[in-house]
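These protein sequence lines are chains A and B, in that order. Quick note on my numbering: the first sequence kicks off at 5 and runs consecutively. Quick note on my numbering: the second sequence kicks off at 183 and runs consecutively. For glycine and all other residues, C-beta sits at the position ideal for the given N, C-alpha and C. Only a predicted model underlies this, so the values are computations on that prediction, with no experimental measurement involved.
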Amino acid sequence: MEAIGQQFFNLAIMERALPLLLMGLRQTIVICLIVIPLGLAGGLAFALLSRTSLSPVRWAAVVAIDFFRAVPPLVLLIFVYSGLPFAGLRPSPFAAVGIAFLLNTSSYYGEIYRAGIESIGLGQWDAARSTGLTLSQTLAYVVLPQAMRNVLPDLVSNTVEVVKLTSIASVVALPELLYSADMARSVTFNSSPLVLAAAIYLIMLWPIVRLVSRLERRIAT
Amino acid sequence: MDRGFGFLDAFFKWELIERYFPTIMQGMAVTIEIAAAVVLTGISLGLLLAVARSFRVLPASALIVLFADIFRALPPLVLVLLVYFGLPNVGINLPSFAVLWLVLSLVLAAFCEEIFWAGILSVPKGQWEAARSTGLGFLGTLIYVVLPQALRLTVPPITNRTIAITKNTALGTVIGVGEILNQATTAQSFSGNATPLMMGAIAYVMLFIPVVALGRFLETRFSWRRA
């Protein structure tokens, strides 16, 4: 018991590691603030492209969505970070993380939007068009608001996944929360900084996880 | 140096494909083994926990919810590092593949418990009451009446979650599990060429595209009826 306390809940070490971890947390938040809004926008683009009447574009969008959902994000990240230099491009860790996460996140959001749009009956489209709304007005004022409501739990839960995803940026040495904690761990030979990082992730994400459960249950019943 | 050789030489060099094909295949076998083990233990543990929760014994339910919340909120890589570096210091030594299996199973179980529980809740109370009034016991009602209806609804979300979590087997590379990504990055640094990375990516796509397509099919086949 004593050993577990020393090894995982050493307050003195946590206190020393805290400033470093808070710097990492800032980096984590910066990544989220870039990837989540751009991913939501990119996802909408993916979803709309996967429903256009132009079949080559439609197929390309569906293939892209499936491809980036099939490749584990860590594989994509390492491919961008250490593969692209062989093609003459040298992305910084931050740029590599941005590119890889955007591709991954957009395709997940894209699939969610797509399911949402498909959940809206064709009658809604016909009715809206017959009142004189154009195609884009129908989409913006009639279909998307209802579609978003239907898939809200999935959008929120995917956003939790994006925040959790940022932790793998540590693999390419981007000093975000987990990287900082792991650095503190390797310096102190003690797991307490990792426990502290876990606590920070929990404080950020637990309320949202609860919210997702509640939203999902409301729709299920 | 990068400009010196062309795109094909950097990403699709034939002799490297030949040389590293067996290595990548080996990685693929490891990935499949761990993924299968995770799917098996994760889903069964999740179902077990959801069933346990349906007995509605307060302290047990609270613990299950706590477990599910924590393992859904924490990034898997944090858990992997915590278990891998933390346990040896308290005298428990697990091989790295066991660490990966353990962590991913627990994460999958947490998500599955929530999904199964939502499924169980979605079965109307009348079904419980009708079954009980025919003389079925609590477990009989659960097994013969409630679960068959509940599980049907949970097929698409369980499939999607399972795919997402088995993809996390790639995290094993960080702690040295010899799965696809690990073999590919090792081969890449030995050969100084991106071909093995490309092979690794292709291996993942071949493994997961059919599963992703299956997930989409199940989604339409068993779709929740939403208003």
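Inset, instruction - Could you tell me whether any Cβ in chain A is nearer than 8 Å to the Cβ of R334 of chain B? - result: In the second sequence, the residue the question calls residue 334 of chain B occupies position 152. With 8 Å as the cut-off, R334 of chain B does not count as an interface residue toward chain A.
Inset, instruction - Classify E180 of chain A as helix, strand or coil using the three-state DSSP reduction. - result: Translated into the one-based positions of the first sequence, residue 180 of chain A becomes position 176. Here DSSP, grouped into helix, strand and coil, assigns E180 of chain A to coil.
Legend entry - Contact set between A395 of chain B and chain A, taken where Cβ atoms lie within less than 8 Å: In the second sequence, the residue the question calls residue 395 of chain B occupies position 213. The answer, in chain order, is D70.
Legend entry - Exposed unless 16 or more other CB atoms sit within 10 angstroms - verdict on P330 of chain B: As a working mapping, residue 330 of chain B is identified with position 148 in the second sequence. Result: exposed.
Legend entry - Complete alpha helix (DSSP H) runs within the region 246 to 325 of chain B (minimum length 4 residues, chain order): 258 to 268, 278 to 304, 307 to 315
Legend entry - Residues that D130 of chain A contacts on chain B, provided the C-beta gap is smaller than 8 Å: As a first step, residue 130 of chain A must be located in the first sequence, where it is residue number 126. Residues of chain B passing the Cβ test: none, with the nearest at roughly 19 Å.
Inset, instruction - Give the range of the alpha helix (DSSP H) segment to which G9 of chain A is assigned. - result: Your numbering for residue 9 of chain A matches position 5 in the first sequence. Note, G9 of chain A: alpha helix (DSSP H), 6 to 12.
Legend entry - Short CB-CB distance (under 8 Å) between T367 of chain B and chain A: As a first step, residue 367 of chain B is located in the second sequence; it is residue number 185 there, counting from the start. For T367 of chain B, the answer is yes, since a Cβ of chain A falls inside 8 Å of its Cβ.
Inset, instruction - For N364 of chain B, collect the residues of the same chain with a Cβ closer than 8 Å to its Cβ; drop the 5 residues on either side in sequence, then sort them by chain order. - result: For the purposes of this step, residue 364 of chain B is taken as the residue at position 182 of the second sequence. Only G209, G354, T355, G358 meet the Cβ criterion.
Inset, instruction - Return the chain-ordered list of same chain residues with a C-beta closer than 7 Å to the C-beta of I17 of chain A, the five sequence neighbours on each side being excluded. - result: Counted from its first residue, the first sequence places residue 17 of chain A at position 13. So the qualifying residues of the chain are T192, N194, S196, P197.
Inset, instruction - Specify whether the region 150 to 157 of chain A and the region 37 to 48 of chain A touch according to this definition: at least 3 beta carbon pairs, one from each stretch, less than 8 Å apart. - result: no
Inset, instruction - Step through the CB atoms of chain A and report whether any lies within less than 8 Å of the CB of E149 of chain B. - result: Since the displayed chain B opens at 183 and closes at 409, residue 149 of chain B lies outside it and no answer follows.
Inset, instruction - Could you give the DSSP three-state label for S195 of chain A: helix, strand or coil? - result: As a position in the first sequence, residue 195 of chain A is number 191, starting the count at 1. Coil.
Legend entry - Anticipated Cβ contact below 8 Å, Y205 of chain A with A352 of chain B, distance rounded: Stepping through the first sequence from its first residue, residue 205 of chain A is reached at position 201. Stepping through the second sequence from its first residue, residue 352 of chain B is reached at position 170. That pair is no contact at about 20 Å.
Legend entry - Proximal residues of chain B, C-beta to C-beta of G205 of chain A below 9 Å: As a position in the first sequence, residue 205 of chain A is number 201, starting the count at 1. It is worth fixing the name first, because residue 205 of chain A is Tyr in this sequence and not Gly. Simply A255, L256, P257, V260.
Inset, instruction - Consider the Cβ of D184 of chain B: report whether some Cβ of chain A lies at a distance smaller than 8 Å. - result: Within the second sequence, numbered from 1, the residue matching residue 184 of chain B stands at position 2. Any reading at D184 of chain B must be qualified, since the residue scores a pLDDT of 48, below 50, and its modelled position is unreliable; the value itself is stated next. Yes, D184 of chain B lies at the interface with chain A (some Cβ there is under 8 Å from its Cβ).
Legend entry - Unbroken alpha helix (DSSP H) run spanning A100 of chain A, endpoints: Counting from one through the first sequence, the residue named residue 100 of chain A turns up at place 96. A100 of chain A -> alpha helix (DSSP H) spans 97 to 122.
Inset, instruction - For D186 of chain A, count neighbouring C-beta atoms within 10 Å of its own C-beta (all shown protein chains included) and say buried if the count is 16 or more, exposed if not. - result: The residue you call residue 186 of chain A lines up with position 182 of the first sequence. By the 10 Å Cβ count, D186 of chain A comes out buried.
Legend entry - Neighbour list for E220 of chain A in chain E, Cβ cutoff strictly below 7 Å: The chain inventory of the structure shown lacks chain E, comprising the protein chains A and B.
Legend entry - Nearest neighbour of T341 of chain B, chosen from B:T316, B:P204, B:G224 [CA to CA]: Taking the first residue of the second sequence as 1, we reach residue 341 of chain B at position 159. Ranking B:T316, B:P204, B:G224 by Cα distance to T341 of chain B puts B:G224 first.
Inset, instruction - Measure how close the beta-carbons of A188 of chain A and A21 of chain A come, nearest whole angstrom, since I'm counting them as under 8 Å. - result: On the first sequence, position 184 is the one that residue 188 of chain A refers to. On the first sequence, position 17 is the one that residue 21 of chain A refers to. With 8 Å as the limit, A188 of chain A and A21 of chain A qualify as a contact, their Cβ atoms being about 4 Å apart.
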